[in-house]
Amino acid sequence: MTPSEGARAGTGRELEMLDSLLALGGLVLLRDSVEWEGRSLLKALVKKSALCGEQVHILGCEVSEEEFREGFDSDINNRLVYHDFFRDPLNWSKTEEAFPGGPLGALRAMCKRTDPVPVTIALDSLSWLLLRLPCTTLCQALHAVSHQDSCPGDSSSVGKVSVLGLLHEELHGPGPVGALSSLAQTEVTLGGTTGQASAHILCRRPRQRPTDQTQWFSILPDFSLDLQEGLSVESQPYSDPHIPPVSKNAKARTRKCSLVSGQGRENKSCRGWGWGQGF
Amino acid sequence: MFVELNNLLNTTPDRAEQGKLTLLCDAKTDGSFLVHHFLSFYLKANCKVCFVALIQSFSHYSIVGQKLGVSLTMARERGQLVFLEGLKSAVDVVFQAQKEPHPLQFLREANAGNLKPLFEFVREALKPIDSGEARWTYPVLLVDDLSVLLSLGMGAVAVLDFIHYCRATVCWELKGNMVVLVHDSGDAEDEENDILLNGLSHQSHLILRAEGLATGFCRDVHGQLRILWRRPSQPTVHRDQSFTYQYKIQDKSVSFFAKGMSPAVL
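Quick note, the sequences are listed as chains A and B, same order.
With this note's numbering as the guide, the letters of the first sequence map in order to residues 1 to 279.
With this note's numbering as the guide, the letters of the second sequence map in order to residues 280 to 545.
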């Protein structure tokens, strides 16, 4: 049994959820909010990819390398290639340590890889990049790096590429979010009720209708997933593939699926932290 | 400092966590009492404090500080407190020739791109002194308040960049803390303020949001405080913790109580 097979084997729907998020490759959009943070799920996916034997690159812009690596054991940490853009992302120190081209340059450099090993690139965070780069530039770079394993006419066999992008929903308007959504093969929108997190997962498989499902879960200290039985809604065809799954619709579906003994009212009251909405 | 608030936050000056960013926010009320609390808290914790005060004068903070048991004048004289008085400095920047870079020099520039001079001021103020003896426990940056920078023409991303560099230096490199205040105007059209507020919310370890009561003014209940702990060092089964208390501000203290449990109505 290869390490990859061993990592993917085993019981539990935990593996199914993480596998389903990574299976398609391409851009995986993790949409979180102030109340339901997504970095823990990002780290869980990073850990999963590392255990599967993939090359894992982290573009760290928002938190320090120490903070990102916290909670991973040495086996996982040794497999991560960390690109630090937290300490001096804008080259204010005027030293030679800054990566030429900054985070965008590093992202573009990953388009030039030629080895067949599957690779996962974690962007922490996509919001940080989107606030400082033109949306079109960022989308072009994301498209290039996440589709380099499917370029026609390319004689070299480049391994599967997964790009995990953490996106803080409240920071961006519908235009940029919609553009990123259209690039994503998989979208995960985080939410939940009091004390219980949920992930609404939208998958766009080639030549198939998009499917969506909602999974209730929690993340354990070692960044493995603890899935909650009984509340998940199984994968089903997305109702209208021509309408992009904007956050309001996705969360409305999550609220609808979680209506158990009056939880709908709880969902509405605790979903918003109240920024700019008034309570 | 307010002892009851320390109890709610489960902290004291001698056992506060380090490397943390605390976001203070107020909506439809005045949340400055939180600024005064943390100023006195960290001075009593023997921290080296850099206070970027853009809203009030030094004498204002000093008068309140005396009620809370700290002397800002003495703290400044002994080098514990570095105080940037924005109101006074702004006049100097605009009406006097500057030979050296000024923290607020963006006020003189037609197209101010960033707040790098202000960051360099903070870094210089809080850098460790090579005296061989640690005189202060850890550094703290306090900003009152960031929304003013938007009003003075800086973009939200420029302010976020400033806070980013301060976090990298104060919280990560120097293992200190930061406390910043941002107003929530409630104006849905103020996109810049929303970006700043939400951007900082995602970076913060602790968010304290003071809100006016939805029912309006009340003599015995001045507002409610929502507390949200974020970004624990380890993920837990339970997600971020949130609590809400109502409060009444008195002359030298603030009392907190559960919603609807004001002593005046019991």
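From the three backbone atoms N, C-alpha and C, an ideal C-beta is built for every residue, glycine too.
By the Cβ criterion, the segment 23-30 of chain A is in contact with the segment 180-198 of chain A, since at least three pairs of Cβ atoms, one from each stretch, lie closer than 8 angstroms. Neighbours of A/Arg87 in chain B, taken as residues at a C-beta separation under 7 angstroms, are given in chain order as Ala447. Here the segment 71-81 of chain A makes no contact with the segment 135-150 of chain A; the two share fewer than three CB pairs at distances below 8 angstroms. Nearest CB-CB separation between A/Val34 and chain B: below the 8 angstroms threshold. Residue environment for B/Asn390: exposed (fewer than 16 other C-beta atoms within 10 angstroms of its C-beta). Scanning the segment 375-456 of chain B from its first residue to its last, the whole alpha helix (DSSP H) runs of 4-plus residues come out as 395-405, 426-430, 435-445. Per the C-alpha coordinates, the member of A/Ser64, A/Leu202, A/Val117, A/Leu107 positioned closest to A/Thr137 is A/Leu107. If you ignore the 5 residues before and after A/Val188, its C-beta comes within less than 6 angstroms of the C-beta of Leu30, Ala199, Ile201, all in its own chain and listed in chain order. Within the same chain, and ignoring the five residues on either side of A/Ser49 in sequence, the residues whose Cβ sits closer than 6 angstroms to its Cβ are Val56, Thr120. The criterion of a C-beta distance shorter than 8 angstroms is not satisfied by B/Glu283 and B/Ser541. At a cut-off of 8 angstroms between C-beta atoms, B/Asn477 counts as an interface residue with respect to chain A. In this structure B/Val328 is in contact with B/Gln359, their Cβ atoms being roughly 7 angstroms apart against a cut-off of 8 angstroms.
Residues of chain A whose Cβ lies closer than 8 angstroms to the Cβ of B/His339 do not exist, since the nearest Cβ in that chain is about 28 angstroms away. Across the structure, B/Asp309 and A/Val161 are spaced so that their CA atoms are roughly 50 angstroms apart. Beta-bridge annotation (DSSP): A/Ala23 is not paired with any residue.
CA-to-CA, the gap between A/Leu45 and B/Cys304 works out to about 33 angstroms.
Counting along the chain, B/Asp305 sits inside the beta strand (DSSP E) bounded by residues 300-306.
Collapsing the DSSP output to three states places A/Ser162 in a strand.
Put simply, of B/Pro382, B/Leu318, B/Val449 the residue whose alpha carbon is nearest the alpha carbon of B/Leu300 is B/Val449. Taking the Cβ atoms as the reference, A/Ser40 lies roughly 7 angstroms from A/Phe223, within the contact range of under 8 angstroms. Under the three-state reduction of DSSP output, A/Val34 falls in the coil class, being neither helix nor strand. Taking the Cα positions, A/Glu62 is about 43 angstroms away from B/Arg498.
In this structure, A/Leu123 lies near A/Leu164, with their beta-carbon atoms less than 8 angstroms apart. Pairing A/Ile58 with A/Leu80, the inter-Cα distance amounts to about 7 angstroms. Between the alpha carbons of B/Lys346 and A/Gly105 lies a distance of about 53 angstroms. Within a 10 Å sphere around the beta-carbon of B/Val373 sit fewer than 16 other beta-carbons, which makes this residue exposed. Counted as a single uninterrupted DSSP element, the alpha helix (DSSP H) harbouring B/Gln482 occupies residues 470-482. Short of 6 angstroms from the beta carbon of B/Gly491, and not among the five residues preceding or following it, lie these beta carbons of its own chain, in chain order: Lys307, Thr308, Gly502. Fewer than three Cβ pairs drawn from the segment 464-475 of chain B and the segment 401-421 of chain B lie within less than 8 angstroms of each other, which leaves the two stretches out of contact. In the three-state reduction of the DSSP assignment, A/Cys135 falls in the helix class.
Interface criterion met: the Cβ of A/His168 is under 8 angstroms from a Cβ in chain B. Taking all protein chains shown into account, B/Ser319 has 16 or more neighbouring C-beta atoms within 10 Å of its C-beta and is therefore buried. Beta-bridge annotation (DSSP): A/Tyr82 is paired with A/Ile58. Sequence-distant partners of B/Ala404 (beyond 5 residues in either direction) whose C-beta falls short of 7 angstroms from its own C-beta, in its chain, are Cys329, Val361. Bridge pairing for A/Ala141: absent [DSSP]. In this chain, A/Asp75 is not harboured by any beta strand (DSSP E); it is covered by the alpha helix (DSSP H) spanning 74-77.
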